[in-house]
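Each number in the numbering used here comes from the position in the sequence shown (counting from 1) with 144 added on.
Cβ coordinates follow ideal geometry from the N, Cα and C atoms, glycine included.
Keep in mind that this is a model prediction, so the values were computed, not measured.
In what follows, a structure is listed as C-alpha cells, so that the remarks can point back to it.
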Amino acid sequence: MKCTRLVDAGRRQFLRGSGVAAVGAAAAATVGAPAQAAPALARVAYPATRLANIADLTVNEPMDIAYPDADSPGVLLKLGQAVEGGVGPDGDIVAFSVLCPHKGWLLSYSAEDMTLNCPGHHSRFDCEAGGQQIWGHATSNLAQFLLRVDDQGDIYAEGVDDLIYGRLSNVLA
145 MKCTRLVDAG
155 RRQFLRGSGV
165 AAVGAAAAAT
175 VGAPAQAAPA
185 LARVAYPATR
195 LANIADLTVN
205 EPMDIAYPDA
215 DSPGVLLKLG
225 QAVEGGVGPD
235 GDIVAFSVLC
245 PHKGWLLSYS
255 AEDMTLNCPG
265 HHSRFDCEAG
275 GQQIWGHATS
285 NLAQFLLRVD
295 DQGDIYAEGV
305 DDLIYGRLSN
315 VLA
C-alpha cells in the first residue's frame, strides 16, 4: 500500500500540486475583484537641453555630455548607421548615461564593437540596440537619452527612457 502523505510524496508530485494550488488561489483572488490600474512609474519631465550640433560629431567617436544635469555624465554618439532610438538625417545619433546601472561605475566606449563597458564588474551594453545589456552583472539596460534634432542640426535631449543609476526617479512623463 502506498502512503500519500506529503512527507512521502515525490518532489515532482509536490511541485505539481503546489503549482495547481497557486494558480487556483490567484484565480480565486481575482474573481469579483475590481480592476486596478497598473502602478505608475516615477517619472520626471526635463526641459530640452542642447547637447551639440550634428557638425560637431564624428562617426564612432564619443562626445562627453551631461544630462539631465551636471551630476549625470553621458555620451553622444554618431554610429554611422540607423539604429534603435537614433535621430538625425541618418537615424544614427544616440546618447546614453555612462553610469553603469549595476553599481554606478563610469563606462567607457569601445569603437570596435560599439559598446559601453564597465570596468567594475564587466557589464557591456550595445549602443546599436538602444543600450541593451549584453554581458555582466547589471540587471537592466542603460538609460538612453531621448533626442531631437532641429532644422539647424542642433541636438537636444528631452528626456530619459530608463532610470539613471543613483536616482529614485528621472524618466519622462
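Under 7 Å between C-beta atoms of residue i and residue j
i, j, result
"residue 228", "residue 273", "yes"
"residue 289", "residue 277", "no"
"residue 309", "residue 221", "no"
"residue 291", "residue 231", "yes"
Simplified DSSP state of residue i, which is helix, strand or coil
i, result
"residue 215", "coil"
"residue 198", "helix"
"residue 273", "helix"
"residue 303", "strand"
"residue 192", "coil"
"residue 293", "strand"
"residue 278", "strand"
Which residues DSSP lists as bridging residue i, in chain order
i, result
"residue 207", "220"
"residue 237", "222, 231"
"residue 261", "252, 268"
"residue 243", "250"
8 Å CB neighbourhood of residue i in its chain, flanking five on each side removed
i, result
"residue 200", "207"
"residue 296", "197"
"residue 217", "208, 209, 210, 241, 242, 243, 250"
"residue 260", "219, 240, 242, 251, 252, 253, 254, 268, 269, 271, 275, 286"
"residue 264", "244, 246, 247, 249"
"residue 192", "292, 300, 301, 302"
Residues near residue i in its chain [Cβ-Cβ closer than 6 Å; skip 5 each side]
i, result
"residue 195", "209, 220, 299, 301"
"residue 262", "244, 249, 251"
"residue 177", "Residue placement at residue 177 cannot be trusted, given a pLDDT of 47 that sits under 50; what the coordinates show is reported in the next sentence. So no residue of the chain qualifies."
"residue 212", "190"
"residue 281", "246, 265, 267"
Contact set for residue i: own chain, Cβ-Cβ below 7 Å, skip 5 residues either direction
i, result
"residue 236", "222, 223, 224, 225, 226, 227, 230"
"residue 305", "287, 288, 290, 315"
"residue 234", "226"
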